[in-house]
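Residue numbers (this note's numbering): 88 to 346.
Even glycine gets a Cβ: it sits at the ideal position worked out from N, Cα and C.
Computed from a predicted model, the values in this text were never measured in an experiment.
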């Protein structure tokens with residue numbers, strides 16, 4: 088494989104197909120699924136709800152993130168990832184509107200990852216799923232939307248968006264970048280960077296190039312989210328009209344959009 092010809096035929100600045108789904112889970116206030124190709128995550132939000140006395144904050148709601156792995160119980164990696172996701176998403180939330188309460192975000196991994204850099208795409212999918220679930224929930228005011236994407240460096244030095252699990256086996260550097268988008272900030276503000284390299288050297292120029300490439304990918308994810316919610320709103324408006332009938336081929340079908 089050469090850096091110019093990726094195994095799946097994508098260009099360096101292209102992500103895998105995005106899938107946005109709103110499964111409507113029971114006993115939660117909002118839920119969403121997001122995936123880059125086969126790297127997917129399912130998120131659910133509950134709140135504002137009653138908070139434990141020890142975690143109560145007098146001036147704002149407590150924002151709690153829990154990450155559940157594909158198998159077994161959450162360990163150190165899951166708790167560390169939950170902290171990262173919380174730090175990435177919190178800038179988009181207005182928690183002061185509901186003091187002394189709890190907003191709980193639970194994210195379930197839906198796909199395995201056997202490489203360090205393969206986990207980056209999964210982490211980005213978790214952040215995006217969390218943003219979608221918060222948007223779907225609607226009870227927590229938001230300043231904007233946080234989206235994330237992974238970037239990898241192939242053996243010849245080419246930076247690529249969203250490396251696949253197969254590509255991640257040969258990636259020599261990479262990480263996750265999360266950006267905050269709003270109508271007043273259309274170009275996005277980087278709120279989280281996690282860059283690492285197997286060479287043991289830090290190249291600031293390379294990292295900055297990777298961040299700008301990630302900005303383009305994250306903006307694409309943001310626009311896909313906006314389109315997804317617009318499409319669902321139109322669907323709900325049509326179904327609310329007198330005499331409207333929703334036709335599904337599968338009784339278990341979900342609201343799904345593939346970009």
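(message) Report the CB separation of residue 99 from residue 245 in whole angstroms; it is logged as a contact under 8 angstroms.
(response) 6 angstroms
(request) Would you check if there are 3 or more beta carbon pairs closer than 8 angstroms linking the segment 273 to 291 to the segment 220 to 230? (result) no
(message) Please return the same chain residues whose Cβ sits closer than 6 angstroms to the Cβ of residue 281, not counting the five positions on each side in sequence.
(response) 262, 263
(request) Can you grab the Cα-Cα spacing for the pair residue 274 / residue 190, in whole Å? (result) 28 angstroms
(request) Below 7 angstroms CB to CB, which residues in the same chain sit around residue 212 once its five sequence neighbours on both sides are set aside? (result) 121, 122, 123, 126, 127, 128
(request) Look at residue 252 and residue 208 and say whether their C-beta atoms are less than 9 angstroms apart. (result) yes
(request) Please look up how many angstroms separate the CB atoms of residue 102 and residue 203, rounded, as I've assumed it's under 8 angstroms. (result) Actually they do not touch by this definition, with Cβ atoms about 19 angstroms apart.
(message) With a threshold of 8 angstroms on Cβ separation, who are the neighbours of residue 197 within its own chain once the five nearest residues in sequence on each side are excluded?
(response) 120, 122, 127, 128, 129, 157
(message) Tell me which residue opens and which closes the alpha helix (DSSP H) that residue 229 is part of.
(response) From DSSP, residue 229 is part of no alpha helix (DSSP H); its letter is neither H nor E.
(message) Is the separation between the beta-carbon of residue 315 and that of residue 293 shorter than 9 angstroms?
(response) no
(request) Enumerate in chain order the residues of its own chain whose CB-to-CB distance from residue 97 is below 6 angstroms, with the five nearest sequence positions on each side excluded. (result) none
(request) Give a yes or no on whether the C-beta atoms belonging to residue 193 and residue 152 are separated by under 9 angstroms. (result) yes
(message) According to DSSP, simplified to helix, strand and coil, what is residue 262?
(response) strand
(message) Considering only DSSP beta bridges, list what residue 239 is partnered with.
(response) 247, 261
(request) May I have the straight-line CA-CA distance separating residue 148 from residue 243, to the nearest angstrom? (result) 47 angstroms
(request) Since I believe residue 117 is in contact with residue 225 (beta carbons under 8 angstroms), could you give me their beta-carbon distance rounded to a whole number of angstroms? (result) 7 angstroms
(request) Look at the alpha carbon of residue 140 and the alpha carbon of residue 266, and state the distance between them as a whole number of angstroms. (result) 33 angstroms
(message) Helix, strand or coil, according to DSSP, for residue 186 in the structure here?
(response) coil
(request) Check the C-beta distance from residue 133 over to residue 154 and give it rounded, since I have them as a contact under 8 angstroms. (result) So it is not a contact: roughly 15 angstroms between Cβ atoms.
(message) Contact defined as beta carbons within less than 8 angstroms: I believe residue 64 pairs with residue 297. What is the distance between those atoms, to the nearest angstrom?
(response) Residue 64 cannot be examined here, being either before or after the span of the chain that is shown, 88 to 346.
(message) In whole angstroms, give me the CA-to-CA distance for residue 172 and residue 93.
(response) 29 angstroms
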